[in-house]
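Take a look at the structure:
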């Protein structure tokens, strides 16, 4: 009898080890990151390749682990009950076996192995892949039987739609967690999130509204077109036929200057390029795809009636992904430019407070609490400004040089030595 008890004890220890193996495998294979495994596999880790193959049939793997764990736990409980009955009698044997095996299996067959596996999922899943391959083959008949039963029940209660591995919100949370762990820079996180949101936004969120469009009629002279390119700082100008709702194409500055510097006579029709139209409900991703497909730099956004809502450029779309993009025209449009006569040219959307600071001016703006220089002109004139309007503020003379669509585009600022009384006069 003693030999039987020794053999049973050794078998019980083996069953507890097997229970720990299945428990650790369950946690390791459910916690393992396939992204990390793929990265390790690319680096030549053979065990990672093996784990990836095993986890491709995830249901079969988990079924095998659960079946194996239950088989060894039930066998261990039955064997311990027999041993304790032999040692302590029927009255005390079963209760003692129940208490002891509950503590042993919970501690050494569940809690400890699962805690270790969760902390070392990638490395442990590779180490366990060999024994797990054996378990998959040995328990294959039982696994097949339970797979068929599970498949039958799933068909009876399945809603017909497969749930995604994780939602977009969950993916955003994962990205935040990875950044918190120091694996991602903030700029990388922002780029990933911008890309995730890119297809959810429509072009109306980035469109340049029609009132801000700088465009020319097809009857424009080449001198007028040249002036518009110079004053606007833009490298592309939409061309319309009669009004802004009838845009017929776009002119590139490089095409214009190529013809201009050749010295030959040319017309707008010689350099105009076709333009693409998209509805305002178009997503940013589809707009970017249209630009790539059509090899254009600008799209015209139209409403359901065909009227022009605004324009969207490649730069506008890319800025939604990577943030503000600086180019030379940004500097031209927002910097105070000094003229040869000592005056300054400023844009209507420039910050008048920044201008005063840059030019070391101390002007009384008469309660104006907004920012734009063009808005200040309208505030002082108390009407829609027109070209030639003048406003004196102390020793500074503001003169409107250019207005488009009732918006001030360019202002000439002249500083005099003697202060003048504030007044407004049209030219």
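Residue numbers (my numbering): 1 to 427.
C-beta atoms are modelled at their ideal positions from N, C-alpha and C, and glycine is treated no differently.
DSSP-derived helix/strand/coil call for residue i
{"i": "residue 113", "result": "helix"}
{"i": "residue 84", "result": "helix"}
{"i": "residue 70", "result": "helix"}
{"i": "residue 343", "result": "coil"}
{"i": "residue 283", "result": "strand"}
{"i": "residue 79", "result": "helix"}
{"i": "residue 137", "result": "helix"}
{"i": "residue 42", "result": "helix"}
{"i": "residue 240", "result": "strand"}
{"i": "residue 390", "result": "strand"}
{"i": "residue 460", "result": "Outside the shown range of the chain, which is 1 to 427, sits residue 460, and nothing can be said about it."}
{"i": "residue 268", "result": "helix"}
{"i": "residue 206", "result": "coil"}
Backbone CA spacing between residue i and residue j [nearest angstrom]
{"i": "residue 304", "j": "residue 383", "result": "33 Å"}
{"i": "residue 408", "j": "residue 250", "result": "23 Å"}
{"i": "residue 240", "j": "residue 188", "result": "41 Å"}
{"i": "residue 307", "j": "residue 238", "result": "14 Å"}
{"i": "residue 354", "j": "residue 342", "result": "19 Å"}
{"i": "residue 71", "j": "residue 139", "result": "10 Å"}
{"i": "residue 349", "j": "residue 180", "result": "39 Å"}
{"i": "residue 217", "j": "residue 172", "result": "47 Å"}
{"i": "residue 192", "j": "residue 185", "result": "11 Å"}
Residue i vs residue j beta-carbon contact at 8 Å
{"i": "residue 20", "j": "residue 124", "result": "no"}
{"i": "residue 117", "j": "residue 8", "result": "no"}
{"i": "residue 22", "j": "residue 65", "result": "yes"}
{"i": "residue 413", "j": "residue 401", "result": "no"}
{"i": "residue 209", "j": "residue 310", "result": "yes"}
{"i": "residue 94", "j": "residue 81", "result": "yes"}
{"i": "residue 352", "j": "residue 373", "result": "yes"}
{"i": "residue 361", "j": "residue 376", "result": "no"}
Residue i: first and last residue of the uninterrupted alpha helix (DSSP H) it sits in
{"i": "residue 378", "result": "373-381"}
{"i": "residue 28", "result": "2-31"}
{"i": "residue 396", "result": "It is not in any alpha helix (DSSP H) - residue 396 instead sits in the beta strand (DSSP E) that spans 396-404."}
{"i": "residue 141", "result": "140-157"}
{"i": "residue 299", "result": "Unbroken run through residue 299 is the beta strand (DSSP E), 298-302; no alpha helix (DSSP H)."}
{"i": "residue 186", "result": "186-198"}
The ligand SAM heavy atom lying under 7 Å from the CB of residue i
{"i": "residue 307", "result": "Ligands are entirely absent from the displayed structure, and the ligand SAM is therefore not among its contents."}
Residue interval of the beta strand (DSSP E) (run including residue i)
{"i": "residue 310", "result": "308-313"}
{"i": "residue 276", "result": "276-279"}
{"i": "residue 257", "result": "Unbroken run through residue 257 is the alpha helix (DSSP H), 253-262; no beta strand (DSSP E)."}
{"i": "residue 409", "result": "407-415"}
Do the stretch 198-205 and the stretch 277-289 make contact, defined as three or more Cβ pairs closer than 8 Å? Cβ pair count under 8 Å is three or more, so yes.
Three or more beta-carbon pairs under 8 Å between the stretch 35-50 and the stretch 140-155, yes or no? With a cut-off of 8 Å, the stretch 140-155 and the stretch 35-50 do not count as touching, because too few Cβ pairs lie within range.
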